[in-house]
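Protein chains in written order, with UniProt numbering: chain A, 1 to 265; chain B, 1 to 265; chain C, 1 to 265. What follows is one structure encoded as structure tokens, with my remarks underneath.
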Amino acid sequence: MKLNLAENLTELRAKSPLVHNITNFVVMNYTANALLAIGASPVMAHAVEEVEDMVAIAGALVINIGTLSPIWVEGMKKAMLAAVKFGKPIILDPVGAGATAYRNVTLSELLNTASPSLIRGNASEILALAGSNIQTKGVDSTANSTDSLQAAKLLSEKYGCVVSVSGATDVIVSGEKVAYVDNGVSLMTKVTGMGCSASAIAGAFFAIQEDGFEAAISAAAMMGVCGEKAFEKTKSPGSFQIAFLDSLSELSPEELVELAVVRLL
Amino acid sequence: MKLNLAENLTELRAKSPLVHNITNFVVMNYTANALLAIGASPVMAHAVEEVEDMVAIAGALVINIGTLSPIWVEGMKKAMLAAVKFGKPIILDPVGAGATAYRNVTLSELLNTASPSLIRGNASEILALAGSNIQTKGVDSTANSTDSLQAAKLLSEKYGCVVSVSGATDVIVSGEKVAYVDNGVSLMTKVTGMGCSASAIAGAFFAIQEDGFEAAISAAAMMGVCGEKAFEKTKSPGSFQIAFLDSLSELSPEELVELAVVRLL
Amino acid sequence: MKLNLAENLTELRAKSPLVHNITNFVVMNYTANALLAIGASPVMAHAVEEVEDMVAIAGALVINIGTLSPIWVEGMKKAMLAAVKFGKPIILDPVGAGATAYRNVTLSELLNTASPSLIRGNASEILALAGSNIQTKGVDSTANSTDSLQAAKLLSEKYGCVVSVSGATDVIVSGEKVAYVDNGVSLMTKVTGMGCSASAIAGAFFAIQEDGFEAAISAAAMMGVCGEKAFEKTKSPGSFQIAFLDSLSELSPEELVELAVVRLL
Numbered sequence: 001m002k003l004n005l006a007e008n009l010t011e012l013r014a015k016s017p018l019v020h021n022i023t024n025f026v027v028m029n030y031t032a033n034a035l036l037a038i039g040a041s042p043v044m045a046h047a048v049e050e051v052e053d054m055v056a057i058a059g060a061l062v063i064n065i066g067t068l069s070p071i072w073v074e075g076m077k078k079a080m081l082a083a084v085k086f087g088k089p090i091i092l093d094p095v096g097a098g099a100t101a102y103r104n105v106t107l108s109e110l111l112n113t114a115s116p117s118l119i120r121g122n123a124s125e126i127l128a129l130a131g132s133n134i135q136t137k138g139v140d141s142t143a144n145s146t147d148s149l150q151a152a153k154l155l156s157e158k159y160g161c162v163v164s165v166s167g168a169t170d171v172i173v174s175g176e177k178v179a180y181v182d183n184g185v186s187l188m189t190k191v192t193g194m195g196c197s198a199s200a201i202a203g204a205f206f207a208i209q210e211d212g213f214e215a216a217i218s219a220a221a222m223m224g225v226c227g228e229k230a231f232e233k234t235k236s237p238g239s240f241q242i243a244f245l246d247s248l249s250e251l252s253p254e255e256l257v258e259l260a261v262v263r264l265l
Numbered sequence: 001m002k003l004n005l006a007e008n009l010t011e012l013r014a015k016s017p018l019v020h021n022i023t024n025f026v027v028m029n030y031t032a033n034a035l036l037a038i039g040a041s042p043v044m045a046h047a048v049e050e051v052e053d054m055v056a057i058a059g060a061l062v063i064n065i066g067t068l069s070p071i072w073v074e075g076m077k078k079a080m081l082a083a084v085k086f087g088k089p090i091i092l093d094p095v096g097a098g099a100t101a102y103r104n105v106t107l108s109e110l111l112n113t114a115s116p117s118l119i120r121g122n123a124s125e126i127l128a129l130a131g132s133n134i135q136t137k138g139v140d141s142t143a144n145s146t147d148s149l150q151a152a153k154l155l156s157e158k159y160g161c162v163v164s165v166s167g168a169t170d171v172i173v174s175g176e177k178v179a180y181v182d183n184g185v186s187l188m189t190k191v192t193g194m195g196c197s198a199s200a201i202a203g204a205f206f207a208i209q210e211d212g213f214e215a216a217i218s219a220a221a222m223m224g225v226c227g228e229k230a231f232e233k234t235k236s237p238g239s240f241q242i243a244f245l246d247s248l249s250e251l252s253p254e255e256l257v258e259l260a261v262v263r264l265l
Numbered sequence: 001m002k003l004n005l006a007e008n009l010t011e012l013r014a015k016s017p018l019v020h021n022i023t024n025f026v027v028m029n030y031t032a033n034a035l036l037a038i039g040a041s042p043v044m045a046h047a048v049e050e051v052e053d054m055v056a057i058a059g060a061l062v063i064n065i066g067t068l069s070p071i072w073v074e075g076m077k078k079a080m081l082a083a084v085k086f087g088k089p090i091i092l093d094p095v096g097a098g099a100t101a102y103r104n105v106t107l108s109e110l111l112n113t114a115s116p117s118l119i120r121g122n123a124s125e126i127l128a129l130a131g132s133n134i135q136t137k138g139v140d141s142t143a144n145s146t147d148s149l150q151a152a153k154l155l156s157e158k159y160g161c162v163v164s165v166s167g168a169t170d171v172i173v174s175g176e177k178v179a180y181v182d183n184g185v186s187l188m189t190k191v192t193g194m195g196c197s198a199s200a201i202a203g204a205f206f207a208i209q210e211d212g213f214e215a216a217i218s219a220a221a222m223m224g225v226c227g228e229k230a231f232e233k234t235k236s237p238g239s240f241q242i243a244f245l246d247s248l249s250e251l252s253p254e255e256l257v258e259l260a261v262v263r264l265l
């Protein structure tokens, strides 16, 4: 398999896809800025009254359950059904899966509403979603991404989707295919919304690349490489979050190819 | 007409008006920081239970429909009625007008509830609000601000308010009067909440300057000039959003006058 | 009394307590980043459907009424009852107390639901909460922290809790005990969410230090010292907010002890 990392980033910036996010209150601003920085166009809209119209004009739908409540879940379901109707990719970010019963029940309902194109989470979340009896610590992972390979395979099989597990090594699974992305820095876990931004940026790549496995790898590589570039500028979390946004904008397709460390199995 | 840009900024900083925002989840933090940086005092409150009390003590009310839902619209209407009752200026930011039917219907309802002192949006939004059959791309503009002059005039006439269209050239209309502000940089479109901050800052100027045309011009000039100052420091969007806040705080009234490029017709 | 500022900070970073925040839309991102920067683990969850589960795994609960509405108040009450049940400290941040009747009524309800371990606010808020007939200007203080000593004592007595008043001098009261913290810079009032972050960081200290008076002093000293460190880097509010997050991460326990100016009465 040949990866077209450079072409994907170039196309993303050329097409500037509209990414419709129904996401949590904590990360909305950072996610929107990350999408703008990479060259996409973000929109946030959650009301049942308008999600269908918004999905219709969007290139991808990103669902993130970070700060959920019943009325938001209604909007998420309606948007997911609209995405199926209009043939738009759905990215599901199961923030805090395993932390509360309500999150687990909601995730079941969402996954019964429509199969996503991509599930992207940290290892704790992916393990919880796959039915492991794991207690996540709020929204931060307590497991290693590479330990979640079987869980990722199970979810990929069950929902016919790509699964991307963020961590020191990102693990991306699509059916029998597995990719590892060895980019990124641990400081990324000290900035809120990094995982959520990874999901949103995956949405942007899914909007312009039909091959979901490749889109997910491109997103993970972009995130990791930009994390490394930001880390060259600063080792502290406040300035890092800003440097990261700068990197999303500054990174050239050639640099992405040069710096990405992707292993395909 | 003589513009008192320097005096307006000086007075804003001296009086530090309280600006009551009912705005969207994406930009609340940035908007609050922009208002603090320029020298105003922000408050966010949306519940029908308290908006009237908050409007009563505020210098201006800013309504922004970026992430609307029915319960928030109720709060917006009640706040607008309170603003009329207490004689406070209302700024309306029609985020995403034209993107969904729900936004269009809501905007009609809000405009039927009370006439704003200022409508501020991008060209797509102003065109959509004026009834042009334009499809906005989510919340980003697909039209040029100067193409929206007729639409701005129509809205100004219909609602007896000032209309400010943000873009490469800002267009401000008040009845027969038209002003163009040629400040700003295109990087401002790569940071989320810039338009929303323009509306909030307009609220601060309306709170201290009764002449709405002059208040709107002052706000547009301040935004544009501070964008240029920030652009001197950085060309990347993450650090730009921070540098912009710094500029709002650092810019002197004399610099504002010196750098503002305003054409009055 | 011997203060263990260094040990408290060391232990906070070693244990990385989970802090459950039900807070306002404006500051969620900044608060989460502040908690991550200091070494804690933030989680935001407000739905009645899940707050009990989240409190159960958290080390402290932080309630902040900055952008309240009835459905959020329900979640706050349920979470407070769960905190009592599970023996978790509750931090209450009465944002905008005195600004609207709804805020005052809600604060009464919350305080009748459960006694907090700490009430932390600015002087206007503490005075309003203690029944002074003060009109706060939105969410910004119009009084001096040292003028609120009697109000703080009254609240500490009434609710059997620690009371921390932020200002040029922070005043911390626990029954008969009073401490003053003379750190911090006035630029902190020009960044939104500083007070809210102070409350969240207090939550992190309460999670690892049973002595509430000492936990509150540690949090106030940490905030003030990090404000001073950030001020060494920049005098403008945008870059200050970022430098402040960096300082929360960079400050060593030894520096905290060296720079903290605490007077115990």
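Don't be surprised by glycine CBs; every beta carbon is placed ideally from N, CA and C. It should be emphasised that the depicted structure is a prediction, and the values quoted were computed from it without experimental measurement.
Per-residue DSSP class, three states only, for residue i
i	result
Ala-152(A)	helix
Ala-143(A)	coil
residue 279(A)	Lying before the first or after the last residue shown, residue 279(A) is absent from chain A, which here runs from 1 to 265.
Asn-24(B)	coil
Asp-211(C)	coil
Ser-108(C)	helix
Ala-130(A)	coil
Leu-9(A)	helix
Thr-31(A)	helix
Ala-202(B)	helix
Ala-99(B)	coil
Gly-224(C)	helix
Thr-234(B)	coil
Ser-115(B)	coil
Ala-216(C)	helix
Gly-195(A)	helix
Ala-37(B)	helix
Ala-58(A)	coil
Contacts around residue i, its chain only, beta-carbon distance under 8 Å, and the 5 residues preceding and following it disregarded
i	result
Met-54(A)	His-20, Val-43, Ala-45, Ala-79
Ala-47(B)	Gly-75
Asn-183(A)	Asp-170, Ala-220, Ala-221, Met-223, Gly-224, Val-225, Gly-227, Glu-228, Leu-259, Ala-260, Val-261
Boundaries of the beta strand (DSSP E) in which residue i is found, first to last residue
i	result
Gly-121(C)	118-122
Val-185(B)	Run containing Val-185(B): none; DSSP gives neither H nor E here.
Val-162(C)	162-166
DSSP beta-bridge partners of residue i
i	result
Arg-263(B)	Tyr-180(B)
Pro-42(B)	Val-19(B)
Ser-174(B)	Lys-177(B)
Asn-64(C)	Asp-93(C)
Neighbourhood of residue i by C-beta distance below 6 Å, restricted to the same chain and skipping five residues each side
i	result
Val-162(A)	Leu-118, Ser-174, Gly-212, Phe-213, Ala-216
Gln-209(C)	Asn-8, Ala-215
Pro-89(A)	Ala-60, Ser-117, Phe-206
Ile-63(A)	Ile-22, Met-76, Leu-92
Ala-82(A)	Glu-52, Val-55
Run of the alpha helix (DSSP H) containing residue i, from where it starts to where it stops
i	result
Asn-4(A)	Where Asn-4(A) is concerned, there is no enclosing alpha helix (DSSP H), given that its DSSP letter is neither H nor E.
Leu-245(C)	237-250
Glu-49(B)	Here Glu-49(B) belongs to no alpha helix (DSSP H), and DSSP marks it neither H nor E.
Ala-83(A)	70-86
Presumed contact (8 Å Cβ cut-off) between residue i and residue j, rounded CB distance
i	j	result
Val-178(A)	Leu-92(A)	Rounded, the Cβ-Cβ distance is 20 Å, inconsistent with contact.
Val-73(A)	Glu-109(A)	7 Å
Val-27(B)	Gly-193(B)	3 Å
Leu-107(A)	Ala-114(A)	Not confirmed; about 13 Å, so no contact.
Any non-hydrogen atom of the ligand ZN closer than 6 Å to residue i Cβ
i	result
Ala-79(B)	By its list of ligands, the structure shown contains no ligand whatsoever, and the ligand ZN lies outside what it can speak to.
Beta-carbon contacts of residue i that lie in its chain and below 7 Å, excluding the five residues immediately before and after
i	result
Ala-37(B)	Leu-245, Leu-248, Ser-249
Thr-10(A)	Pro-253
Val-257(A)	Leu-5, Ala-6
Gly-138(C)	Gly-96, Ala-99
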